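Trainee: Those letters in the sequence shown? Residues 11 to 112, per my numbering, in order.
Glycine is no exception: its CB is placed at the ideal position from the N, C-alpha and C atoms.
The structure presented is a predicted model; accordingly, all values stated were derived computationally and were not measured.
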Amino acid sequence: MPQICLSGLLPNYLSLKSNVIADDNECLKSNGGCLDDCINTAGSYYCACLKNGYEIARDNKTCIDIDECDFSKRVCADHLICINTIGSYTCMNIATGMPSGV
Ligand SMILES: [Ca+2]
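1. Would you check if there are 3 or more beta carbon pairs closer than 8 Å linking the stretch 63 to 80 to the stretch 39 to 50?
2. Rounded to a whole number of angstroms, what is the C-alpha to C-alpha distance between S110 and L60?
3. CB-CB under 6 Å to G42, same chain, minus the five flanking residues each way: which ones, in chain order?
4. Measure the C-alpha to C-alpha separation of I76 and D33 and round it to an integer number of angstroms.
5. In this structure, does DSSP put M102 in helix, strand or coil?
6. For a test of the three-state rule: what should DSSP assign to T95, helix, strand or coil?
7. Using the C-alpha atoms, what's the distance from F81 back to I91?
8. Does DSSP put E65 in a helix, in a strand, or in coil?
9. Could you tell me the distance, in whole angstroms, from the CA atom of E78 to the CA atom of T51?
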């Protein structure tokens, strides 16, 4: 009887004696190497960040602060300056020097 397995996913599956392929939950082993959340998927896994204001780093394991003040994001109105903070950001009114709404 042939094994039931999706092509390309075999390396991350465990073969059982019954010829049924079972998913290997990588998150059960050292949290998959993730420093925050580990999401198991069929044949693979990925790391995620639970806290708002954080995103996964290039190493796909670590959570880093999102730079909301990156020019491409434009989270503050044009007349406000954006100040990036760890886990958040602030929009500052230039004229008053006070934090302002987004
Ligand atoms: Ca931030």
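Mentor: Short version:
1. yes
2. Numbered from 1 along the sequence shown, position 100 holds the residue referred to as residue 110. Numbered from 1 along the sequence shown, position 50 holds the residue referred to as residue 60. So the two alpha carbons sit approximately 26 Å from each other.
3. As a working note, residue 42 is residue 32 in the sequence shown. For G42, where only same-chain residues beyond five positions count, the Cβ hits under 6 Å are E36, C48 and Y55.
4. Residue mapping note: residue 76 aligns to position 66 of the sequence shown, counting from 1. Residue mapping note: residue 33 aligns to position 23 of the sequence shown, counting from 1. Roughly 32 Å separates the two Cα atoms.
5. Taking the first residue of the sequence shown as position 1, residue 102 is located at position 92. Three-state DSSP puts M102 in a strand.
6. Against the sequence shown, residue 95 aligns to sequence position 85. In this structure, T95 counts as strand in the three-state DSSP scheme.
7. Your numbering for residue 91 matches position 81 in the sequence shown. Your numbering for residue 81 matches position 71 in the sequence shown. If you take the alpha carbons of I91 and F81, they lie about 11 Å apart.
8. In the sequence shown, residue 65 corresponds to position 55, counting from 1. It is a strand residue.
9. Counted from its first residue, the sequence shown places residue 78 at position 68. Counted from its first residue, the sequence shown places residue 51 at position 41. If you take the alpha carbons of E78 and T51, they lie about 29 Å apart.
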